[in-house]
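Below is one structure, written out as structure tokens; the observations come after it.
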Amino acid sequence: MHKLERLLRPKSIAVFGGAQAAAVVAQSIKMGFAGEIWPVHPTKDEVAGRKAYRSVADLPDAPDAAFVGVNRHLTIEVVKALAERGAGGAVCFAAGFLETEAYDDDGERLQAELVAAAGQMPIIGPNCYGLINYADGALLWPDQHGGIRLPEGAKGVAIITQSSNIAINMTMQKRGLPIAFLMTAGNQAQTGLSEMALGLIEDERVTSLGLHIEAFDSVAGFERLAARARELKKPIIAMKVGRSEQARQATVSHTASLAGSDAASGAFLRRLGIARVDSIPAFIEALKLLHVTGPLPGYRLSSMSCSGGEASVMADSAEGRWVNFPELTSKHRAHVKSTLGPLVAVANPLDYHTFIWNNEPAMTATFTAMVSGGFDLNMLVLDFPRPDRCSVTDWWATLRAFESALKTNKAHGAIVSSLPENLPEEYTAELMARGMVPLFGISEAMDAAGAAAFIGWAWAEPQAQSIDTTAAGAARGDHVTPDEAEAKERLIKAGLPVPKGERAANAVEAVISSMALGFPVALKALGVTHKSEVGAVRLSLKDAESVSTAAHDLLPLGTGLYVERMVRDGVAELIVGFTRDPMFGAVMTLGTGGVLVELLRDSVTLMLPATRDDIEAALRRLKLFPLLEGYRGRPKSDVAAAIEAIAGIADFVQKNAGDIEELDINPLIVCAEGKGAWIADALLVLGDKKNV
1 MHKLERLLRP
11 KSIAVFGGAQ
21 AAAVVAQSIK
31 MGFAGEIWPV
41 HPTKDEVAGR
51 KAYRSVADLP
61 DAPDAAFVGV
71 NRHLTIEVVK
81 ALAERGAGGA
91 VCFAAGFLET
101 EAYDDDGERL
111 QAELVAAAGQ
121 MPIIGPNCYG
131 LINYADGALL
141 WPDQHGGIRL
151 PEGAKGVAII
161 TQSSNIAINM
171 TMQKRGLPIA
181 FLMTAGNQAQ
191 TGLSEMALGL
201 IEDERVTSLG
211 LHIEAFDSVA
221 GFERLAARAR
231 ELKKPIIAMK
241 VGRSEQARQA
251 TVSHTASLAG
261 SDAASGAFLR
271 RLGIARVDSI
281 PAFIEALKLL
291 HVTGPLPGYR
301 LSSMSCSGGE
311 ASVMADSAEG
321 RWVNFPELTS
331 KHRAHVKSTL
341 GPLVAVANPL
351 DYHTFIWNNE
361 PAMTATFTAM
371 VSGGFDLNML
381 VLDFPRPDRC
391 SVTDWWATLR
401 AFESALKTNK
411 AHGAIVSSLP
421 ENLPEEYTAE
431 LMARGMVPLF
441 GISEAMDAAG
451 AAAFIGWAWA
461 EPQAQSIDTT
471 AAGAARGDHV
481 TPDEAEAKER
491 LIKAGLPVPK
501 GERAANAVEA
511 VISSMALGFP
521 VALKALGVTH
531 KSEVGAVRLS
541 LKDAESVSTA
551 AHDLLPLGTG
561 LYVERMVRDG
571 VAELIVGFTR
581 DPMFGAVMTL
591 GTGGVLVELL
601 RDSVTLMLPA
611 TRDDIEAALR
621 RLKLFPLLEG
631 YRGRPKSDVA
641 AAIEAIAGIA
651 DFVQKNAGDI
661 EELDINPLIV
671 CAEGKGAWIA
681 DALLVLGDKK
691 NV
């Protein structure tokens with residue numbers, strides 16, 4: 001039994017406090033909770049019509065769940081008494097704990113005392129509204145809400161949010177999302193969001209899980225959650241806030257400008273097979289789709305509407321997304337065409353025109369022909385008329401035709417309204433019962449389809465290894481940045497592909513070194529972080545005179561010179577970078593390299609360890625990748641060598657994870673097939689003045 005079992009699915013509830021506690025009692029009674037409700041109050045004989053008790057000791061038995069709605073100091077006393085009595089768990093409503101540390105010195109101390117008082121008894125919060133169990137009618141919730149009791153034998157989704165107000169708003173939705181459980185996480189003083197989620201997905205009445213995340217409580221906890229969700233076939237959607245967060249401070253590399261904590265969070269969720277959405281409407285629509293269909297097996301969509309305008313909007317909405325509307329095969333097109341008149345151009349998205357509107361047999365034939373194409377999700381664009389001014393009779397003929405088409409082909413289907421308000425809530429339950437997911441808004445429908453398809457793809461892949469968090473922790477302030485010559489010496493010792501190079505103290509040594517290396521060469525000023533920005537590098541120097549002239553120009557800019565053999569036959573430039581993330585450890589960024597890194601921002605973030613397949617998949621997600629494959633007749637690059645080099649660099653970082661703060665390989669020059677990939681520049685930042 002999960003440690004939150006009694007708290008999440010209680011048979012008895014104890015309630016402490018004043019107005020908020022009375023609301024908890026009233027809400028549970030209103031929702032039809034069949035268990036015991038025991039208010040506790042020092043002076044009142046009853047609360048909301050239920051007998052009140054004076055203390056924890058006076059209760060008839062140890063409660064399964066408790067709502068503690070008293071001040072922060074008294075909360076600690078009540079929690080201690082509940083733990084000693086053997087209660088199943090408690091929701092701590094009071095604020096004034098760790099969230100106030102910026103202006104209240106007592107907050108951190110009181111939160112530590114609260115956790116100590118709870119001991120082994122689970123607590124949720126503090127500083128949270130608590131839990132609504134719509135499946136059993138148990139509400140540890142001090143405010144109004146917009147949800148309804150889940151019918152006997154029915155299923156719904158579970159939602160956990162770190163914002164009580166967002167939680168309330170989600171209960172007020174009119175989009176037809178059936179909710180089985182809703183929880184708020186608060187400060188997560190003892191029980192983290194991932195542990196709450198593990199408790200919820202074990203319930204057979206939960207089909208899928210939605211998480212609103214401000215911060216991850218535990219890398220290992222989320223890995224356990226994702227693994228269990230996959231076992232139970234219960235998909236997870238996440239809305240992770242913080243996308244606008246600035247890149248971490250105290251960084252010097254190009255990588256750091258690309259790999260802020262939000263990029264790392266996105267890579268973490270992707271690795272776990274948890275789909276990420278960016279808005280509350282998309283969050284709700286994705287949960288609704290997953291509740292009905294589960295993960296989609298692929299990204300292929302079909303769309304049907306009786307308007308060319310709607311067909312165009314649907315087509316445009318898929319642009320730039322993974323979900324797409326594939327062209328119909330000639331055979332499939334002919335099949336659909338045979339059900340329509342000569343004036344209809346058959347395509348996907350399909351505008352079937354109004355010629356067959358309200359002709360149920362004709363619409364059934366067309367829809368059945370279209371859906372027969374084996375699409376992963378079939379969409380019917382249908383906005384309902386206002387029932388207060390218009391008739392909706394004709395619309396049900398269309399719905400019946402679509403339902404028949406889906407059943408005939410054993411296919412997934414969704415009704416998509418272009419405007420959210422044009423799909424009345426009172427129709428949603430019947431639509432879902434008929435196997436048609438009501439999706440509100442075209443953009444949100446695309447978000448939902450993309451999320452469901454991503455999970456389907458992720459679950460078809462082998463489960464990723466656990467993340468290496470060896471380098472996790474705050475960045476250390478005492479940094480050392482070896483110059484490029486020293487950084488490359490370290491990389492060469494690790495067996496990585498670095499062009500031959502030598503230090504030079506003056507122009508004469510630079511000329512001698514260049515002659516030994518062989519022309520053409522590159523000449524760089526050492527001790528300069530971003531050389532191109534200050535003109536501290538000269539490329540393709542072909543003779544001693546040009547090296548001497550360049551050396552005299554560069555010497556005043558740095559602490560010495562570095563001469564290096566030029567890399568020839570370069571096809572493309574990549575950036576391969578690593579930063580230390582306080583939660584995830586060393587995080588790798590791959591992207592289009594060179595001097596326009598921040599401007600182009602064509603990058604992908606990966607967690608470590610990363611397999612060669614992971615690296616190849618990441619490269620293929622770059623806009624640059626067609627260039628690596630020989631875009632428009634250009635030479636193909638040595639992609640295999642690039643993957644091998646990147647894997648080697650990642651291995652170097654992992655082996656030295658405790659010392660490396662940042663590593664910036666920019667560029668990694670990928671040459672033509674068979675000619676390798678070479679580390680042309682390297683910026684290494686070490687912490688605590690340790691040696692790698």
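Straight run, no breaks: the sequence shown in full-length UniProt numbering ends on number 692. Note that the Cβ used here is the ideal one computed from N, Cα and C, for glycine as well.
* Asked: Do you know how far the Cα of G210 is from the Cα of V157?
  -> In this model, V157 and G210 are separated by some 7 Å (Cα to Cα).
* To do: Note down the Cα distance separating E108 from M31, rounded to an integer number of angstroms.
  => Approximately 36 Å, taken between the alpha carbons.
* **For V520, the nearest candidate out of K542, S532, R228, V537 (CA to CA)** => The sequence as given places Pro at residue 520; Val does not occur at that position. Of the candidates K542, S532, R228, V537, the residue whose Cα lies closest to the Cα of P520 is K542.
* When burial is assigned at 16 or more other CB atoms within 10 Å of the CB, is I467 buried or exposed? -> With 16 or more Cβ atoms within 10 Å of its Cβ, I467 is classed as buried.
* Asked: How should K233 be labelled, buried or exposed, when 16 other C-beta atoms within 10 angstroms of its C-beta is the threshold for buried?
  -> Counting Cβ neighbours within 10 Å, K233 comes out exposed, since fewer than 16 surround it.
* Looking only at its own chain, which residues have a Cβ that is under 6 Å from the Cβ of L8, when we skip the five neighbours before and after it? -> Contacts found: G199.
* Same chain only: Cβ atoms within 7 Å of V508, ignoring 5 sequence neighbours per side -> Taking V508 as the centre and dropping the five residues before and after it, the same chain places no C-beta closer than 7 Å to its C-beta.
* Asked: With C-beta atoms as the reference, is A94 less than 7 Å away from N71?
  -> Yes, these two residues count as a Cβ contact at 7 Å.
* Any idea if R386 is buried or exposed, counting beta-carbon neighbours within 10 angstroms, 16 or more meaning buried? -> Result: exposed.
* Continuous beta strand (DSSP E) stretch holding K524: start and end -> Residues 521 to 525.
* Grouping DSSP H, G and I as helix and E and B as strand, with all else coil, what is E195? -> E195 carries a helical assignment under DSSP once its states are collapsed to helix, strand and coil.
* **Euclidean distance between Cα positions of S208 and V25** => Distance between the alpha carbons of S208 and V25 is about 28 Å.
* To do: Please classify P39: is it buried, with 16 or more other beta-carbons within 10 angstroms of its beta-carbon, or exposed?
  => Here P39 is buried: its Cβ has 16 or more other Cβ atoms, across all protein chains shown, within 10 Å.
* To do: Can you give me the Cβ contacts of H254 inside the same chain, cut-off strictly under 7 Å, excluding the 5 residues immediately before and after it?
  => Confidence at H254 is low in this model, with a pLDDT of 43, below 50, so its placement is unreliable and the value that follows should be read with caution. These residues qualify, in order along the chain: I575, G577, V597, E598, D664, N666.
* **Sufficient close CB pairs (3 or more, under 8 Å) joining the stretch 112 to 125 to the stretch 81 to 88** => Yes, they touch.
* Asked: Should I148 go down as buried or exposed, given a rule of 16 or more other Cβ atoms within 10 Å for buried?
  -> Answer is exposed; the Cβ neighbour count stays below 16.
* Among the residues of its own chain, which have a CB less than 6 Å from the CB of R621, if the five just before and after it don't count? -> Excluding sequence neighbours, R621 sits near V604.
* **Option nearest G176 by Cα separation, candidates L431, D105, L269** => The shortest Cα separation from G176 among L431, D105, L269 belongs to L431.
* Asked: Can you name, in chain order, every residue of its own chain whose Cβ lies under 6 Å from the Cβ of residue 696, other than the five neighbours on each side?
  -> Given a span of 1 to 692 for the chain in the structure shown, any question on residue 696 remains unanswerable.
* Roughly how far, in whole angstroms, is the beta-carbon of V563 from the beta-carbon of G518, given that I think they are within contact range, below 8 Å? -> In fact, because the Cβ distance is near 11 Å, the residues do not count as touching under 8 Å.
* Residue from P361, A275, D447, V344 with nearest C-alpha to S317 -> For S317, the nearest C-alpha among the options comes from D447.
* To do: My understanding is that A286 touches A452, with C-beta atoms under 8 Å, so please give their C-beta distance in whole angstroms.
  => In this structure A286 touches A452 by the C-beta definition: roughly 7 Å separates them, less than 8 Å.
* What does a CB cutoff of less than 7 Å around V323 pick up in its chain, not counting 5 residues either side in sequence? -> Excluding positions up to five away in sequence, the list reads Y299, L301, M446, A449, G450, A453.
* Asked: Tell me, which residues are paired with A53 by DSSP?
  -> Note on residue identity: the sequence assigns Tyr, not Ala, to residue 53. In the DSSP output, where bridge partners are listed per residue, Y53 has V40.
* To do: Apply the 10 Å Cβ neighbour rule to D483 and answer buried if 16 or more other Cβ atoms are within range, or exposed otherwise.
  => Label assigned to D483: buried.
* Asked: T339 by DSSP, collapsed to three states: which one?
  -> Three-state DSSP puts T339 in coil, outside helix and strand.
* **Cut-off 6 Å between Cβ atoms - residues of its own chain near L98, not counting five sequence neighbours on either side** => Excluding residues within five positions, the ones whose Cβ falls inside 6 Å are G107, E108, Q111, N187.
* To do: Sort out for me which residues DSSP pairs N324 with in a bridge.
  => N324 is bridged by DSSP to R300.
* With distances taken Cα to Cα, identify the nearest neighbour of I442 among T470, M379, F268. => Residue M379 is the option with its Cα nearest to I442.
* Which runs of the alpha helix (DSSP H) fall wholly inside the stretch 73 to 107 and span at least 4 residues, in chain order? -> Qualifying alpha helix (DSSP H) stretches: none in this window.
* How many angstroms separate the CA atom of K240 from the CA atom of D278? -> Straight-line measurement puts the Cα of D278 at about 7 Å from the Cα of K240.
* Asked: Do you know offhand how far residue 723's Cα is from L272's?
  -> Nothing can be reported for residue 723: it is not among the residues displayed for the chain, which extend from 1 to 692.
* Whose CA, out of W141, D136, T368, S513, lies closest to the CA of E152? -> For the residues W141, D136, T368, S513, the minimum Cα distance to E152 belongs to D136.
* What is the residue span of the alpha helix (DSSP H) that E319 lies within? -> Looking at the DSSP string, E319 is not in any alpha helix (DSSP H), and its letter there is neither H nor E.
* To do: With a threshold of 16 other CB atoms inside 10 Å of the CB of K51, please say whether the residue is buried or exposed.
  => With fewer than 16 Cβ atoms within 10 Å of its Cβ, K51 is classed as exposed.
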